[in-house]
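Heads up: the structure comes next, in structure tokens.
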Amino acid sequence: MSTPTLESLPLIALELVCEYLAHSDFHRRDLFSFSLVSKACCGAADRQRWKRILLAVDGTEKLEKDVQKWEDMLGEDGKRHVRQLKVLGCLPLNRERDEAESAIYWRKYFKGMKGNPDGVGDIYGQAELKWQRSDSDVFLEPSTPNWPLYHLDLRRNRVDKTRKDLAWMVLSKFLTTLPGLKDFVWSSTDQIPHCILTALNTTRTKLHMHTFSIRSLDQYEKLPVEVDTHESSIATFPRLTHVSTKSNNHLTQEHDFNEEAVLQMIAGAAPNLIDVCMTSLFSDGPERSCCLPQASTGFPGIVQNRPQAYSDSKGHLKSLELFRTEAICPDCLRKWSDRTHLEELERLYINVDFDTLEALAQMARNGEFKALQRLCLQVGWFGEGDGHEPLKLLLTALNPLVDLQVRSAHSGLGNNILQAILQCHGSSLKRLFIPYFTPSHDQIAELARSCPSLQQLEFGVQRTGGDYAEFHTYRLLGRIPRLQDVWMRMNCGAPSNTVYSHTEIYNDDERLHFIRLAFINSAVDANLARDIFHIIAESQSSVGSSTDVTLNCLEIRTVRAGSIGAEMVYKDFWQVTRALGRSWVCTRDPRDTYSDKLHCLETDKIQEYHELLDKPLEDLPLGRLYVQAWKEIWPESTGHWVDDWHSFPLKR
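Read in UniProt numbering, the sequence shown has 62 at position 62, and its numbers run on one by one without any break.
Given below as structure tokens:
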């Protein structure tokens, strides 16, 4: 009997293989490799290969070439498989002018920061704000552009708009040839042109706008302008289902009223809007209310001294994300709740403080979140334990959640909060993110018992030099029966109860002892990351779960290397230990025949310290102690210190 081949399988079986390959790898590399095996495999892969189109635009000529390329590749038969199309980039009509205006914008921006430009990094670069969706299609996720770019053409003349519309016409015509297109994702920094809206209306395609902005609502004080008619048509477009936008009232004479516009859209102006992500920079000033647009022909309801067009109606949002530089106040929260039926909301991401938590808890007790399944709370600072009671009340008032994220950098969760999570939501949770909470061994064991469906977990780990207690932490994770993905926020600093928890170390012996401990605790290389992965996976196997679920991904993000408790010791020393405390992501090979193979990739490269990394250790302050400790720990070291070291095995 001859050995069966791929070509001998029925088409439906080959298509199922392609569907599996497409879902197991977002980049679809395995799918494309499979399509090269034979003509039969290539034909079976068509449905998945042509499902998505990504256009990265950087000029009219490139857009025309890319569209023509897709025309040629798809042909008439392939076009029926296209379901999603995403547009990135922009069409610069005058690149030099765009760059000049961008420079002017940034100068005004930093001036508005009142001499504190360093604060920008806290707003745009927070690695903790990974508002991931556990069940969403990554292709539909927003790709955040540079902040000011899609505000540059606020007052461009009509000639520019006409030229832009003509430039996008080639894409508009292409859209009308895609009969199965379901989702069109606009992540371009250009304003979406009229011709694209016309095409989408013809094809009845859902519109996702990741760079939504009514740019004529970004206005200067005492210089009101009419709301652009085309932008009003965008805001009221019947196929608009998702908007992701930013409202930035950061300059003393500039006011952005996009938040007010979005509220009107939710209430009924955009009848099919179900998903809103609003990021607001800086709080509203007292002068804001007197600067509303005075146009009578613009967006309905955003008009001075006129009744709100949708003051009594409510929308039907399924997802709401509200991010601010400050916590959402209860009054602002009520402003949003007045515009949508919160009892229909399935997903809420919001940053809160004590007062907001109390308001949310009361709303939950009133049944306003009865459909909520996913909740992410970015908890602001308040006194130790102050927010525990309202947070506990909120968690106990909600129906069981499948996705819960509580991110609080300034106050620990506390055992009572964890108990509320496990008792009220443990049986239903598939995803739990508590990155700033470091659970004890007993709490991890309780987590394993209470969360039988948990698949994704993010939590804090205190590194203790690889001793048995640290090893046991990783082994206990393997008792969570369905755990597939783990994110660890690994604290490589000395524990707060260490004997060296003061900021002054008085003699060289004490300094040397601490430096030695810090080097060992901070050393996290690929071998250690793999070892932790294997410990969790082996523990899963030993438990003997009835499912075939195994750990697929482990991400380790090291923090506070070289610190003592809450203090940082010596800037140069912290940078040295930062070079040792690497961050890693380990993923299991998705292929069945290679499931034991791990791919380990370093993340968060240390290039920002390149000047320090070029120096010998002895040239740094306290360098002689660094060298002495280094040689005691790694006596075989002969090369440059940055790469000539290794981690130490965990003590079993």
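Don't be surprised by glycine CBs; every beta carbon is placed ideally from N, CA and C. Quick caveat: nothing in here was measured; it's all calculated off a predicted structure.
What does the Cβ neighbour count give for aspartate 66, buried or exposed, with the cut at 16 atoms within 10 Å?
It counts as buried.
In or out: glutamate 458 buried (at least 16 other Cβ within 10 Å) or exposed?
Glutamate 458 is buried by the Cβ-count criterion.
Taking three-plus beta-carbon pairs below 8 angstroms as touching, is the segment 509-525 in contact with the segment 534-544?
The answer is no - the segment 534-544 does not touch the segment 509-525, with fewer than three Cβ pairs under 8 angstroms.
Does the Cβ of methionine 73 have 16 or more other Cβ atoms within 10 Å, making it buried, or fewer, making it exposed?
By the neighbour-count rule (16 or more Cβ atoms within 10 Å), methionine 73 is not buried but exposed.
When DSSP labels each residue in this structure, what does valine 262 get in the three-state scheme?
Valine 262: helix per DSSP, three-state reduction.
Among Val461, Asp572, Ala40, Trp645, which residue has its Cα nearest to the Cα of aspartate 619?
Of Val461, Asp572, Ala40, Trp645, the residue nearest in Cα terms is Asp572.
Which runs of the beta strand (DSSP E) at least 3 residues long sit entirely within the segment 447-473? Give them in chain order.
Counting whole runs of 3 or more residues, the segment 447-473 contains the beta strand (DSSP E) stretches 456-462.
Leaving out the 5 sequence neighbours to the left and right, which residues in its chain are closer than 6 angstroms to leucine 622 when beta-carbon positions are compared?
Here the set comprises nothing.
State yes or no: is the C-beta of alanine 327 within less than 7 angstroms of the C-beta of valine 352?
Contact flag set, yes.
Please determine, among Val17, Asp403, Ser24, Leu54, the residue with the shortest C-alpha to C-alpha distance to arginine 47.
Among Val17, Asp403, Ser24, Leu54, the Cα nearest to that of arginine 47 is on Val17.
For the alpha helix (DSSP H) that contains phenylalanine 369, what are its first and last residues?
No alpha helix (DSSP H) contains phenylalanine 369, which DSSP labels as neither H nor E.
Can you check DSSP and say which residues form a bridge with glutamate 555?
Its beta-bridge partners are Trp487, Val585.
When the Cα atoms are used, what is the spatial distance from tryptophan 552 to valine 486?
Looking at the sequence shown, residue 552 is not tryptophan but asparagine. Near 9 angstroms, if we compare the C-alpha coordinates of valine 486 and asparagine 552.
Quick one: is glutamine 84 buried, meaning 16 or more other Cβ sit within 10 Å of its Cβ, or exposed?
Glutamine 84 is buried by the Cβ-count criterion.
Looking at the strands, I want to know which residues DSSP matches up with residue 664.
This structure gives no information on residue 664, because the portion of the chain shown stretches from 1 to 652.
Excluding the five sequence neighbours on either side, which residues of its own chain have a C-beta within less than 7 angstroms of the C-beta of proline 286, listed in chain order?
Interpretation of proline 286 is limited by its pLDDT of 44, a score under 50 that renders its predicted location unreliable; the figure taken from the coordinates is listed afterwards. Answer for proline 286: no residue qualifies.
Is there a Cβ of chain B sitting closer than 7 angstroms to that of isoleucine 53, yes or no?
Protein chains in the displayed structure number just one, and chain B is not present.
For asparagine 399, name the three-state secondary structure that DSSP assigns.
Residue state, collapsed to three classes: coil.
Taking the DSSP output, what are the residues bridged to tryptophan 186?
In the DSSP output, where bridge partners are listed per residue, tryptophan 186 has Val87, Met209.
With DSSP as the reference, label glycine 639 as helix, strand or coil.
In this structure, glycine 639 counts as coil in the three-state DSSP scheme.
In terms of DSSP beta bridges, what is phenylalanine 433 paired with?
DSSP, once it has assigned bridges, lists Gln405, Glu458 as partnering phenylalanine 433.
CA-CA distance, proline 601 and tryptophan 584?
Per the sequence presented here, residue 601 reads as leucine, with proline not at that position. Each residue's alpha carbon lies about 6 angstroms from the other.
Who are the near neighbours of serine 289 in its chain, counting only those whose CB is closer than 8 angstroms to its CB and skipping five residues on each side?
Because serine 289 sits at a pLDDT of 44, beneath the cut-off of 50, its placement in the model cannot be relied upon, and the following sentence gives the value as read from the coordinates. Result list for serine 289: empty, nothing under 8 angstroms.
Glutamate 321 to glutamine 455, Cα distance in whole Å?
Answer to the nearest angstrom: the Cα atoms are 23 angstroms apart.
Is the Cβ-Cβ distance between glutamine 373 and glutamate 346 less than 7 angstroms?
Yes.
Are there 16 or more other CB atoms within 10 angstroms of the CB of glycine 75, so buried, or fewer, so exposed?
Result: exposed.
How about alanine 629 and isoleucine 515: are their beta carbons less than 7 angstroms apart?
Closer than 7 angstroms, so yes.
Look up histidine 27 in the DSSP assignment and say whether it is helix, strand or coil.
If DSSP states are grouped into helix, strand and coil, histidine 27 belongs with coil.
Terminal residues of the continuous beta strand (DSSP E) containing glutamine 378?
Here the beta strand (DSSP E) through glutamine 378 covers 374-379.
List the endpoints of the continuous beta strand (DSSP E) containing arginine 52.
Start and end: 52-57.
Would you tell me roughly how many angstroms separate the C-alpha atoms of asparagine 258 and valine 170, rounded to the nearest one?
Spanning the two alpha carbons is a distance of roughly 30 angstroms.
Per DSSP, what kind of secondary structure is glycine 562 in: helix, strand or coil?
In the structure shown, glycine 562 sits in coil (DSSP, three-state: anything other than H, G, I, E or B).
Using the three-state DSSP reduction, which class does leucine 240 fall into: helix, strand or coil?
Leucine 240: strand per DSSP, three-state reduction.
Restricting to Cα atoms, I'd like to know which of His513, Leu14, Ala518, Leu554 is closest to phenylalanine 533.
Comparing Cα-Cα distances from phenylalanine 533 to each of His513, Leu14, Ala518, Leu554, the minimum goes to Leu554.
Of the residues Phe184, Arg475, Ser172, which one's Cα is nearest the Cα of isoleucine 196?
It is Ser172.
For glycine 315, which residues does DSSP report across the bridge?
Paired residue(s): Thr340.
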